[in-house]
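Participant:
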Ligand SMILES: [Zn+2]
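In my numbering, the protein residues as written are 207 to 598.
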């Protein structure tokens, strides 16, 4: 195996790097040539070498041919020298031309590495955030990262394995903000993944689609690499999305109904899961609870009858402030955006606007078929919880 070793000899003014640091960046040996090492350069070389598959900055395992580039301090400046060693005996093979060639490869590798890293780490574009995207269930996307998670070996049959996919964009809603994960498929000519859990890293904005695939066991070793940069079809399960969107919208109708009943309490939590959805507010219901519940139920039904259109828009935080806190100062808009991105997605359901990242139905009238209604009210320790759901 040929190892490419690159070493930079600098004037004595350069800082000598502790051996431990060098070992942490690679196998480069200190003192072999009595040289001084530039850490940044070595890190670059190490990264580039790994990316180029060169096993760079090798230590020259005894008996193997070891080829490296060194920069030697010459009289008038620096010489770039290709050095080859075999079993510890070292000779300068050539000056300049090959040295420059190797360094050129390093720079190219570094550029490619940076491009690759920015590509891999790019936040997933969430298509459902726009109004049109909210209703778009299918899209083409490019695979940025593919990983097989488990590998149950069944040599004579197709294997069903867990897979994780990260894409440049998606129509799938990741679990969060009180809304469960979308389900669906991601497919191409190589495989069809049945996605059962979509998650988002809030720090990086990267969405991970996890699911299972069934592929011939012979293709198992190559699937990760062949999926890279592959164009895939993303399809959201329409029935699951529909019910989740209804459930989330129905939760917002509770907000609007509460406002209609003059109970302008700050919303603190929304649980839009089908196993018992509810919304919570900070505060208390002053009047008779049963009376209030009847009033709330009526207001809710009326808002559904009125068939009020849902709107979704992303606006600057100043505008969001005036839209959402028009009636009562219930939202701290700054919590929904950052200095780098001062824009907030505002959803208006039944005329009531608030910051929201979920998916919704087009109008309150669409909640009629399943008979969404208010089901109960509980006030405890300064928390008002309104249970809601489809008709039993
Ligand atoms: Zn919401």
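Beta carbons: idealized from backbone N, C-alpha and C, even for Gly. Quantities reported herein were computed from a predicted structural model and do not represent experimental measurements.
Would you say the beta carbon of residue 553 comes nearer than 7 Å to a heavy atom of ligand 1?
Facilitator: Answer for residue 553: yes, Cβ within range of ligand 1.
Participant: Quick one: is the Cβ of residue 454 within less than 7 Å of any heavy atom of ligand 1?
Facilitator: Yes; taking the cut-off as 7 Å, the Cβ of residue 454 has a heavy atom of ligand 1 nearer than that.
Participant: Only counting the same chain, and skipping five residues up and downstream in sequence, which positions put a Cβ closer than 6 Å to that of residue 443?
Facilitator: Cβ within range, chain order: 389, 390.
Participant: Going by beta-carbon coordinates alone, are residue 520 and residue 555 separated by less than 8 Å?
Facilitator: No, Cβ-Cβ distance for residue 520 and residue 555 is not below 8 Å.
Participant: Is DSSP giving residue 349 helix, strand or coil here?
Facilitator: DSSP places residue 349 in strand when its eight states are reduced to three.
Participant: Under 8 Å between the Cβ atoms of residue 316 and residue 348?
Facilitator: Contact flag unset, no.
Participant: Are at least three pairs of beta-carbons, each pair with one atom in the stretch 385 to 404 and one in the stretch 460 to 470, less than 8 Å apart?
Facilitator: Not touching, per the Cβ criterion.
Participant: If contacts are defined as beta-carbon pairs under 8 Å, then residue 488 and residue 588 qualify, I think. What distance do you get, rounded to the angstrom?
Facilitator: Yes, residue 488 and residue 588 are in contact; Cβ-Cβ is about 6 Å, under 8 Å.
Participant: Along the alpha helix (DSSP H) that carries residue 451, what are the first and last residues, could you check?
Facilitator: It spans 444 to 466 - the alpha helix (DSSP H) in which residue 451 sits, taken as one unbroken run.
Participant: Determine contact between the stretch 467 to 487 and the stretch 530 to 539, defined as no fewer than three beta-carbon pairs at a distance below 8 Å.
Facilitator: Yes, they touch.
Participant: Which one of 368, 439, 479, 578 has the shortest CA to CA distance from residue 506?
Facilitator: With distances taken between Cα atoms, residue 506 lies closest to 578.
Participant: Going by C-alpha distance, which of 498, 464, 318 is nearest residue 559?
Facilitator: When only C-alpha atoms are compared, the closest one is 464.
Participant: Could you check whether the Cβ of residue 409 sits closer than 7 Å to any heavy atom belonging to ligand 1?
Facilitator: No.
Participant: So does residue 562 have its beta carbon nearer than 7 Å to some heavy atom of ligand 1?
Facilitator: Residue 562 Cβ: within cutoff of ligand 1.
Participant: Assign residue 509 to one of two classes, buried (16 or more other C-beta atoms within 10 Å of its C-beta) or exposed (fewer than that).
Facilitator: Its Cβ being crowded by 16 or more others within 10 Å, residue 509 is buried.
Participant: How long is the line joining the alpha carbons of residue 552 and residue 541, rounded to whole angstroms?
Facilitator: Approximately 13 Å between the Cα atoms of the pair.
Participant: Does the stretch 441 to 456 come close enough to the stretch 413 to 426 to have 3 or more Cβ pairs within less than 8 Å?
Facilitator: Because the criterion of three Cβ pairs below 8 Å is not met, the stretch 441 to 456 and the stretch 413 to 426 do not touch.
Participant: Below 8 Å on the Cβ atoms is my contact criterion, and I expect residue 352 with residue 430 to pass it. Report the Cβ-Cβ distance as a whole number of Å.
Facilitator: That belief holds up - the Cβ atoms of residue 352 and residue 430 are roughly 5 Å apart, short of 8 Å.
Participant: Hey, residue 169 and residue 451: beta-carbon distance below 8 Å or not?
Facilitator: There is simply no residue 169 to check, as the chain begins at 207 and stops at 598 in what is shown.
Participant: Alpha carbon to alpha carbon, how far is residue 330 from residue 343? Give it in angstroms, no decimals.
Facilitator: Whole-angstrom Cα-Cα distance: 16 Å.
Participant: DSSP three-state call for residue 504: helix, strand or coil?
Facilitator: Residue 504: helix per DSSP, three-state reduction.
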